[in-house]
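Residue numbers (UniProt numbering): 1 to 160.
Where a beta carbon is used, it is the ideal one built from N, C-alpha and C, also for glycine.
In this text the structure is predicted, and so the values were computed from the model without any measurement.
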């Protein structure tokens, strides 16, 4: 398991505020469902400093492309592959819609083979990571050894 920790609601209140703000931009179906993730990225070669994803948004509809054009979606050619992992009921399914998977693949597609790149990623996810995402995070940190990834979660609670 890749190490994670619960968010500090006082020290990291800005993350909670940003997630609330981004969730409000979504269409009503997505505002109250699914897992939401936000990554704060400090990597000199990457222009964007924030990446975000929703577990139920794999591609952009016309409405979503107007509301959240920068949301990370399911990659067509992922650098890191998702695997099957169980949900909380114990049902196994492919985890290629997971937020961590989408965000880290988008960052990796921008980094390409610049494996010596230095930086940090603070990856917040409402739900703690599953086995598949743990593997993707471990593969990302193995490939980009000089990028520190810190994963924080909200104990499975949706931010409202």
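Sheet register partners of residue i (DSSP bridge)
i	result
residue 19	In DSSP, residue 19 forms no bridge with anything.
residue 42	120
residue 5	152
residue 84	94
residue 50	40
residue 147	119
Nearest-angstrom Cα separation, counted from residue j out to residue i
i	j	result
residue 152	residue 62	31 Å
residue 64	residue 71	9 Å
residue 85	residue 96	10 Å
residue 108	residue 100	12 Å
residue 58	residue 11	31 Å
residue 2	residue 49	23 Å
Buried or exposed (CB count within 10 angstroms, at least 16 for buried), residue i
i	result
residue 14	exposed
residue 9	exposed
residue 75	buried
7 Å Cβ shell around residue i - same chain, five flanking residues per side excluded
i	result
residue 104	80, 136, 137 and 140
residue 78	105
residue 43	117, 119 and 147
residue 34	54, 55 and 56
residue 94	82 and 84
residue 73	57, 58, 59, 60 and 102
residue 114	45
Three-state secondary structure assigned by DSSP to residue i
i	result
residue 110	helix
residue 62	helix
residue 27	coil
Beta-carbon proximity list for residue i, same chain, < 8 Å, skipping 5 on both sides
i	result
residue 157	126
residue 159	16, 19, 20, 23, 36 and 126
residue 6	152, 153, 154 and 155
Residue i at chain D interface by Cβ criterion, 9 Å
i	result
residue 18	No chain D is part of this structure, which consists of one protein chain only.
Same chain, Cβ closer than 6 Å to residue i, neighbours up to 5 away in sequence not counted
i	result
residue 132	82, 83, 85 and 95
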